[in-house]
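Going line by line, the protein sequences match chains A and B.
Numbering-wise, the first sequence is residues 282 to 538 according to the numbering used here.
Numbering-wise, the second sequence is residues 282 to 538 according to the numbering used here.
Number of protein chains: 2
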Amino acid sequence: MSKRYKITIAYDGTNFAGFQSQPQQRTVQTVLEAAVNKMSTAADFVHVFGSGRTDAGVHALGQVAHFDLENEIPEQGIVNGLNSILPLDIQILAAQVVPTSFHARFTTHAKSYVYRVSRGRFVDPFKRFYTGHYKYPLDVKLIKAALPDVIGEHDFSSFVAAGSQARSHVRTIYQATVTENPTSNEVVFEFCGNGFLYNQVRIMVAALLEIGNGRRPVHDFLRLYEVKDRNECRQTAPASGLYLKKVYYNDDWLKNV
Amino acid sequence: MSKRYKITIAYDGTNFAGFQSQPQQRTVQTVLEAAVNKMSTAADFVHVFGSGRTDAGVHALGQVAHFDLENEIPEQGIVNGLNSILPLDIQILAAQVVPTSFHARFTTHAKSYVYRVSRGRFVDPFKRFYTGHYKYPLDVKLIKAALPDVIGEHDFSSFVAAGSQARSHVRTIYQATVTENPTSNEVVFEFCGNGFLYNQVRIMVAALLEIGNGRRPVHDFLRLYEVKDRNECRQTAPASGLYLKKVYYNDDWLKNV
């Protein structure tokens with residue numbers, strides 16, 4: 282009787298061609314599956330299922346995936362075993378035996394993302410892979426005034442990149458915050474929602490930065506929900522600033538927000 | 282009449298084979314000289330002189346170098362011009378016209394280094410190039426008790442790597458501190474001294490971590506100064522944790538310590 286394991290993963294996305302397996306590419310899924318299969322005694326290949334894709338260069342602080350093993354390994358053994366096999370840009374933070382009704386992708390209730398923007402005329406050499414960069418003036422008060430428009434159930438068709446296979450562009454955002462950090466000279470966004478469309482966070486961040494710079498009206502999101510046109514929102518903030526922070530299952534996420 | 286420019290530089294050392302030019306290698310000096318020569322109208326090659334070498338993988342928050350230009354460029358023009366030419370892992374923080382009596386290497390009065398150690402059983406994927414790592418238990422109080430022995434004029438022969446060309450191994454350390462950061466789970470060292478031998482900071486940090494772990498007596502530095510034997514201090518903390526923080530000229534460094 283095989284057991285299902287849920288793992289929580291952090292990775293530096295810089296040197297990955299995204300999460301999902303692709304031929305001839307180094308992806309998170311490929312690297313994870315190679316490690317998991319070294320710990321499996323089964324003859325059949327063990328697949329690893331993620332909560333969703335992340336693009337090339339996008340990071341994770343708490344991605345979630347699951348896989349089934351025929352041989353039983355204690356939870357801490359999964360963590361230590363995988364970490365001793367995996368390369369240094371990916372790390373297992375936790376492992377948990379879960380019922381087979383759990384599915385990393387299909388039972389997701391919510392996800393949260395962080396987006397870090399560094400400011401200043403030039404990019405800090407230590408942040409080039411770990412933040413987006415905005416060199417123009419920003420009035421964070423304008424962004425704060427726009428954020429209530431982001432929260433709630435909306436049609437995000439103006440904020441979805443070509444290539445999305447989602448049947449509906451309606452999503453609910455539970456929380457949207459922006460924080461200024463003068464020490465690190467960064468502006469940090471955080472979003473929590475029931476799901477996000479392809480490139481949605483990066484397109485929303487780009488639009489919010491335009492609001493902060495005054496080149497887009499504060500309440501432009503209300504118009505963008507109506508027009509449902511990506512041409513009204515052409516910019517996409519770079520992958521380097523985006524972090525999948527947490528994936529929520531069941532209703533316990535409500536306690537953490 | 283040519284002018285001498287002092288520049289202050291930050292770089293992420295990860296993808297550099299150290300500061301000093303070497304054939305077929307990407308070094309900080311090679312990359313700087315290529316950029317500086319694009320801004321020079323002189324027929325002759327313009328050399329860039331650093332305050333000293335840093336090894337492959339070692340970072341800089343405030344390295345200093347100088348060069349001479351026949352054509353006059355305003356200080357801010359040097360900063361903006363070089364930054365627009367240089368790759369993203371190196372950044373000019375400041376430029377200043379200085380008298381030709383200034384020499385980035387020979388008029389140095391003091392230097393300070395930071396060494397970041399991350400703790401925990403596994404390396405944080407985001408820190409693998411930016412910290413050293415110590416997975417064993419550490420009692421930072423023991424390290425704090427050892428640090429007064431580091432300060433002052435000592436013969437650091439036990440703390441110098443093979444390959445050092447220094448005529449004397451006597452150096453003076455003005456300040457040595459260690460800080461625990463529970464949020465980032467790091468232990469951060471900082472040293473300021475009149476000069477440092479080849480790998481000295483990394484060998485001292487390795488010895489201090491052994492003191493913190495209890496595998497070396499707290500006041501072992503006093504013995505190590507006497508025995509003058511690198512075999513008594515075999516470990517070298519990895520390059521990834523080391524940052525050249527600041528290079529001091531004249532006596533104005535005293536004000537900043």
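For glycine and all other residues, C-beta sits at the position ideal for the given N, C-alpha and C.
The model shown is predicted, which means the values in this text are computed figures rather than measured ones.
Item, Value
"If the cut-off is 7 Å on Cβ atoms, which residues from the stretch 344 to 370 of chain A count as contacting chain B, listed in chain order?", "Asn-364, Leu-369 and Asp-370"
"Between which residues of its own chain and A:Thr-412 is the CB-CB distance below 7 Å, once the five residues before and five after are set aside?", "Arg-397, Val-398, Ser-399, Glu-467, Ser-521 and Gly-522"
"For the pair the stretch 321 to 332 of chain B and the stretch 348 to 367 of chain B, tell me if three or more CB-CB distances fall below 8 Å.", "yes"
"Can you tell me the Cβ-Cβ gap for B:Phe-300 and B:Thr-335, rounded? I've got them flagged as a contact below 8 Å.", "5 Å"
"Here's a check: name, in chain order, each residue in its chain whose Cβ is nearer than 6 Å to the Cβ of B:Glu-471, leaving out the five neighbours to either side.", "Val-395 and Thr-458"
"Using a beta-carbon distance cut-off of less than 8 Å, what residues from the stretch 282 to 316 of chain A approach chain B?", "Ala-291, Tyr-292 and Asp-293"
"Taking the Cβ atom as the reference point for each residue, do A:Leu-363 and A:Lys-526 lie within a distance shorter than 8 Å?", "no"
"Listing by chain order, which chain B residues have their CB less than 7 Å from the CB of A:Val-329?", "Per Cβ cutoff of 7 Å: no residues; A:Val-329 is ~17 Å from chain B at best."
"Pick from A:Asp-430, A:Thr-517, A:Pro-498 and A:Gly-358: whose alpha carbon is nearest that of A:Val-441?", "A:Thr-517"
"State buried or exposed for B:His-340, treating a residue as buried only when at least 16 other CB atoms are found within 10 Å of its CB.", "buried"
"Please confirm if the stretch 300 to 320 of chain B is in contact with the stretch 442 to 457 of chain B, defined as three or more CB-CB distances below 8 Å between the two stretches.", "no"
"Cutting at 6 Å between CB atoms, please list the residues of its own chain near A:Ile-484, excluding the five before and the five after it.", "Phe-440, Cys-514 and Thr-517"
"Would you mind reading off the limits of the alpha helix (DSSP H) that contains B:Glu-491?", "481 to 494"
"So B:Val-404 contacts chain A; which residues on that side make the cut at Cβ distance below 8 Å?", "Leu-369 and Gln-372"
"Enumerate, from N- to C-terminal direction, the unbroken beta strand (DSSP E) stretches of 3 or more residues contained entirely within the stretch 422 to 480 of chain A.", "433 to 436, 451 to 462 and 467 to 474"
"Can you tell me which of B:Val-312, B:Asp-501, B:Lys-509 and B:Ala-337 puts its alpha carbon nearest to the alpha carbon of B:Val-431?", "B:Asp-501"
"For A:Leu-503, count the other beta carbons within 10 Å of its own beta carbon; 16 or more makes it buried, fewer makes it exposed. Which is it?", "exposed"
"Can you list, in chain order, the residues of the stretch 404 to 431 of chain B whose Cβ is nearer than 8 Å to any Cβ on chain A?", "Val-404, Asp-405, Pro-406, Phe-407, Arg-409 and Tyr-411"
"Could you check whether the Cβ of B:Gln-305 sits closer than 8 Å to any Cβ belonging to chain C?", "Absent from the structure is chain C; the protein chains it does hold are A and B."
"From B:Gly-331 to B:Ala-385, what does the alpha carbon distance come to, in whole angstroms?", "6 Å"
"Are the beta-carbon atoms of A:Leu-489 and A:Ala-427 separated by less than 8 Å?", "yes"
"Classify B:Ser-438: buried if its beta carbon has 16 or more other beta carbons within 10 angstroms, exposed otherwise.", "buried"
"Can you tell which of B:Asn-318, B:Ala-391 and B:Thr-453 has the C-alpha that lies nearest to the C-alpha of B:Glu-434?", "B:Thr-453"
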